[in-house]
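Trainee: So the number in the working numbering is just where the residue sits in the sequence shown, counting from 1, plus 141. Each residue gets a CB set at the ideal place from its N, CA and C atoms; glycine is no exception. No experiment lies behind these values; they were computed from the predicted model shown. First the structure, then my questions, so here it is.
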Amino acid sequence: MKQLQKARKAIDRADTRMAGLFCRRMKTVETIAAYKRENGLPVLDPAREQAMLSGSVTRVPADLSSEYRSFLRHTLSVSRSHQNRMADAATHPDSFLPVFTDNGYYPIFLERGLLGRADAFLSLSRRVLIVTDDGVPDDYVKVFASLCAAPTVVTLPHGESSKSVENWMALSRTMLEHSFTRADCVVALGGGMVGDLAGFAASTFMRGIDFYNIPTTLLAQVDSSIGGKTAVDFGGIKNPVGSFYPPKAVLIDPDLLDTLSPKLFSEGMAEVIKMAVTFDRAFFERLEALILSDRVKDDLPEIIRSALLIKKEVVEQDEHEAHLRRALNFGHTVGHAVEAGTDLLHGECVALGMLVFSAPAVRARLVPLYEKLGLPRTVSLAAAAFAEALPHDKKAGKDKITVIVCDGIGSFAMKDLSPMEILKKAASTFAGKESV
Ligand SMILES: NC(=O)c1ccc[n+]([C@@H]2O[C@H](COP(=O)([O-])OP(=O)(O)OC[C@H]3O[C@@H](n4cnc5c(N)ncnc54)[C@H](O)[C@@H]3O)[C@@H](O)[C@H]2O)c1
Numbered sequence: 142m143k144q145l146q147k148a149r150k151a152i153d154r155a156d157t158r159m160a161g162l163f164c165r166r167m168k169t170v171e172t173i174a175a176y177k178r179e180n181g182l183p184v185l186d187p188a189r190e191q192a193m194l195s196g197s198v199t200r201v202p203a204d205l206s207s208e209y210r211s212f213l214r215h216t217l218s219v220s221r222s223h224q225n226r227m228a229d230a231a232t233h234p235d236s237f238l239p240v241f242t243d244n245g246y247y248p249i250f251l252e253r254g255l256l257g258r259a260d261a262f263l264s265l266s267r268r269v270l271i272v273t274d275d276g277v278p279d280d281y282v283k284v285f286a287s288l289c290a291a292p293t294v295v296t297l298p299h300g301e302s303s304k305s306v307e308n309w310m311a312l313s314r315t316m317l318e319h320s321f322t323r324a325d326c327v328v329a330l331g332g333g334m335v336g337d338l339a340g341f342a343a344s345t346f347m348r349g350i351d352f353y354n355i356p357t358t359l360l361a362q363v364d365s366s367i368g369g370k371t372a373v374d375f376g377g378i379k380n381p382v383g384s385f386y387p388p389k390a391v392l393i394d395p396d397l398l399d400t401l402s403p404k405l406f407s408e409g410m411a412e413v414i415k416m417a418v419t420f421d422r423a424f425f426e427r428l429e430a431l432i433l434s435d436r437v438k439d440d441l442p443e444i445i446r447s448a449l450l451i452k453k454e455v456v457e458q459d460e461h462e463a464h465l466r467r468a469l470n471f472g473h474t475v476g477h478a479v480e481a482g483t484d485l486l487h488g489e490c491v492a493l494g495m496l497v498f499s500a501p502a503v504r505a506r507l508v509p510l511y512e513k514l515g516l517p518r519t520v521s522l523a524a525a526a527f528a529e530a531l532p533h534d535k536k537a538g539k540d541k542i543t544v545i546v547c548d549g550i551g552s553f554a555m556k557d558l559s560p561m562e563i564l565k566k567a568a569s570t571f572a573g574k575e576s577v
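Here it is as structure tokens:
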């Protein structure tokens with residue numbers, strides 16, 4: 142035990158020294174990035190990288206050369222991401238938000254009116270598969286297609302049933318028929334359904350081609366468009382087939398939400414509230430004031446930005462949902478079970494789920510917000526169907542499900558409960574027996 146502690150201290154000291162060297166390296170990278178920008182040189186210089194990798198092995202003993210090469214390759218990739226980030230920040234300083242993943246970096250551009258200027262942010266001088274659905278206003282598709290050199294538009298029927306393996310095949314076939322290559326790209330122009338499906342098609346075509354996401358619902362703008370999860374529904378189950386495939390860029394234009402129905406807008410607001418109430422007390426209080434005074438739409442870009450900052454922080458720390466990212470499932474355990482047995486929208490069900498696992502003082506703050514936004518505060522439960530629809534989380538133990546609870550604004554905790562305990566809590570909350 143003592144030996145382990147001693148070794149860990151030595152690792153910590155080595156990491157501290159490496160952190161200092163890392164900062165020095167990144168500062169130098171910034172100088173190189175500025176030089177390349179001024180001289181119109183590309184960020185990637187394959188010959189230089191190859192020379193560095195080949196020469197690297199002489200620095201370490203032979204038995205560590207493979208590990209060192211892998212380490213250096215990752216360092217080069219991080220340096221490239223840093224150069225790209227510096228370039229994006231210099232070109233679009235007002236609308237830019239960087240997201241780092243295990244495999245690199247992508248920018249989110251957020252500004253009113255971006256759709257009409259998308260070609261200044263995305264590389265569209267190539268074949269572009271635009272995936273959308275028939276609920277997305279046609280004007281948006283026309284505006285975007287007019288900015289692409291060679292657009293192919295696929296318009297699917299709206300609704301979750303389009304997020305299917307059949308449509309993944311249809312998109313792949315369309316790309317083959319239009320001679321798409323690895324140099325071409327896929328663009329999602331729609332809500333989370335379109336984003337998940339188009340992202341999955343991009344991740345598998347030719348083993349992965351560039352994917353841009355232009356989310357057009359509030360839920361997609363604050364939640365599904367970042368984090369890199371793509372999926373299709375299969376075998377009657379939501380999202381069992383999919384991939385982690387970060388987009389090349391996300392373009393968020395809050396003006397696109399003007400055409401959203403109030404119900405869909407409120408559904409997205411439920412997700413925003415979820416992030417604020419579990420992660421950021423100050424944001425929650427700002428949001429609360431805006432909702433209660435009917436000023437949400439005036440401050441929409443700022444609200445979206447604050448929600449994105451939370452999601453960015455979470456996915457940067459835990460891209461693959463090992464721990465922290467599970468907090469984003471607040472409200473979802475009960476939400477999914479309610480969703481299975483009602484016609485309510487996903488976000489409405491999440492809103493109900495949040496009430497069940499909020500402390501009374503938190504619930505008392507949520508209820509007036511739901512009233513303003515027209516979100517449901519209660520639902521009648523068919524107990525057997527509800528219990529059946531609860532997810533069974535094997536990690537938490539045979540009979541337990543891990544739920545996220547919110548005991549105070551801006552915080553969360555994880556708790557393992559049995560399905561019966563969840564059912565009882567939900568039933569008493571929706572019957573108004575849990576104090577508000
Ligand atoms: N990948 C992720 O991390 C993630 C996270 C959350 C949800 N999701 C997925 O997202 C999907 C739900 O997303 P959603 O709520 O955006 O639903 P959606 O994509 O089905 O869109 C809802 C409706 O809004 C319409 N619409 C879209 N943009 C519009 C606009 N600007 N004006 C008017 N109507 C418009 C659509 O036509 C559709 O009828 C689900 O499939 C869910 O699994 C994914």
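Look up R268 in the DSSP assignment and say whether it is helix, strand or coil.
Mentor: Reduced to three states, the DSSP call for R268 is strand.
Trainee: Using a Cβ-Cβ cutoff of less than 8 angstroms, which residues in the same chain neighbour P183 once the five nearest sequence positions on both sides are dropped?
Mentor: Hits under 8 angstroms: K177.
Trainee: Using the rule of at least 16 other Cβ atoms within 10 Å of the residue's Cβ for burial, across every protein chain shown, is Q191 buried or exposed?
Mentor: Counting Cβ neighbours within 10 Å, Q191 comes out exposed, since fewer than 16 surround it.
Trainee: Within the continuous beta strand (DSSP E) that includes L297, where are the two ends?
Mentor: L297 -> beta strand (DSSP E) spans 291 to 297.
Trainee: Whole angstroms is fine: what's the gap from S576's alpha carbon to G482's?
Mentor: Only weak support exists for where S576 lies, its pLDDT of 48 falling under 50; the value from the coordinates is given anyway. Each residue's alpha carbon lies about 25 angstroms from the other.
Trainee: At a cut-off of 7 angstroms, is M416 close to ligand 1 when judged by its beta-carbon and the heavy atoms of the ligand?
Mentor: No; taking the cut-off as 7 angstroms, the Cβ of M416 has no heavy atom of ligand 1 nearer than that.
Trainee: Does T199 pass the burial test, meaning 16 or more other C-beta atoms within 10 Å, or should it be called exposed?
Mentor: By the 10 Å Cβ count, T199 comes out exposed.
Trainee: Taking the beta strand (DSSP E) that S384 belongs to, which residues open and close that run?
Mentor: Note, S384: beta strand (DSSP E), 378 to 385.
Trainee: Using a Cβ-Cβ cut-off of 7 angstroms (strictly less than) and excluding sequence neighbours within five positions of K535, which residues of its own chain qualify?
Mentor: Reliability of the predicted coordinates at K535 is poor, the pLDDT of 48 falling under 50, and no value is obtained from them.
Trainee: Could you work out which residue in F237, T371, P278 is closest to L251 when comparing CA atoms only?
Mentor: Of F237, T371, P278, the residue nearest in Cα terms is F237.
Trainee: Going by Cα to Cα distance, which pick from R189, N308, G573, E457 is closest to R518?
Mentor: Nearest option by C-alpha distance: G573.
Trainee: Since D274 sits in a beta bridge, which residues does DSSP pair it with?
Mentor: DSSP output for D274 lists L297 as bridge partner(s).
Trainee: Using 7 angstroms as the cut-off, classify the Cβ of E408 as near or not near the heavy atoms of ligand 1, replying yes or no.
Mentor: Yes, ligand 1 has a heavy atom inside 7 angstroms of this Cβ.
Trainee: Threshold first: 4 residues or longer. Then list the alpha helix (DSSP H) segments lying entirely within the region 473 to 498, N to C.
Mentor: As far as the region 473 to 498 is concerned, its whole alpha helix (DSSP H) runs of at least 4 residues are 473 to 482, 487 to 497.
Trainee: State the CB to CB distance for the pair L330 and G488, rounded to an integer number of angstroms; the pair is presumed to be in contact (CB under 8 angstroms).
Mentor: Contact flag wrong, Cβ pair sits at about 21 angstroms.
Trainee: Is the region 262 to 277 touching the region 323 to 342, taking contact as three or more C-beta pairs under 8 angstroms?
Mentor: They touch, by the three-pair rule.
Trainee: Taking 7 angstroms as the cut-off, is the CB of K389 close to at least one heavy atom of ligand 1?
Mentor: No, Cβ of K389 sits at least 7 angstroms from all heavy atoms of ligand 1.
Trainee: Assuming G333 and T371 form a contact by the criterion Cβ under 8 angstroms, report the distance between their Cβ atoms to the nearest whole angstrom.
Mentor: At roughly 11 angstroms, the Cβ-Cβ gap does not stay under 8 angstroms, so G333 and T371 are not in contact.
Trainee: Can G300 be considered in contact with ligand 1, in the sense that its beta carbon sits closer than 7 angstroms to one or more heavy atoms?
Mentor: True, at least one ligand heavy atom lies under 7 angstroms from that Cβ.
Trainee: Provide the residue(s) that pair with N354 in DSSP beta bridges, ordered along the chain.
Mentor: Looking at the DSSP assignment, N354 forms a beta bridge with A329, V391.
Trainee: What separation, rounded to the nearest whole angstrom, lies between the Cα atoms of I350 and F385?
Mentor: Approximately 13 angstroms, taken between the alpha carbons.
Trainee: Give me the Cβ distance between F425 and G551, rounded to the nearest whole Å; I'm assuming they're in contact under 8 angstroms.
Mentor: Between G551 and F425 the Cβ distance is about 6 angstroms, and since that is below 8 angstroms, they are a contact.
Trainee: Just to check, is the beta-carbon of T400 closer than 7 angstroms to a non-hydrogen atom of ligand 1?
Mentor: True, at least one ligand heavy atom lies under 7 angstroms from that Cβ.
Trainee: Can you determine whether any heavy atom of ligand 1 sits closer than 7 angstroms to the C-beta of V277, and answer yes or no?
Mentor: At least one heavy atom of ligand 1 is nearer than 7 angstroms to the Cβ of V277, so yes.
Trainee: Considering only residues of the same chain and omitting the five flanking positions on each side of S365, which have a CB-CB separation below 6 angstroms?
Mentor: So the qualifying residues of the chain are G333, G336.
Trainee: Can the beta-carbon of L441 be found less than 8 angstroms from the beta-carbon of L398?
Mentor: Cβ atoms of L441 and L398: closer than 8 angstroms.
Trainee: Given 8 angstroms as the limit, is there contact between the region 336 to 345 and the region 379 to 394, that is, 3 or more CB pairs closer than that?
Mentor: The region 336 to 345, when compared against the region 379 to 394, does touch it at the 8 angstroms Cβ threshold.
Trainee: Excluding five sequence neighbours on each side, which residues of the same chain lie with their C-beta closer than 8 angstroms to the C-beta of R253?
Mentor: Excluding positions up to five away in sequence, the list reads D394, P395, D396, P442.
Trainee: Check whether the Cβ of D325 lies closer than 7 angstroms to any heavy atom of ligand 1, and answer yes or no.
Mentor: No.
Trainee: Any idea what DSSP makes of S211, helix, strand or coil?
Mentor: S211 falls in the helix class under three-state DSSP.
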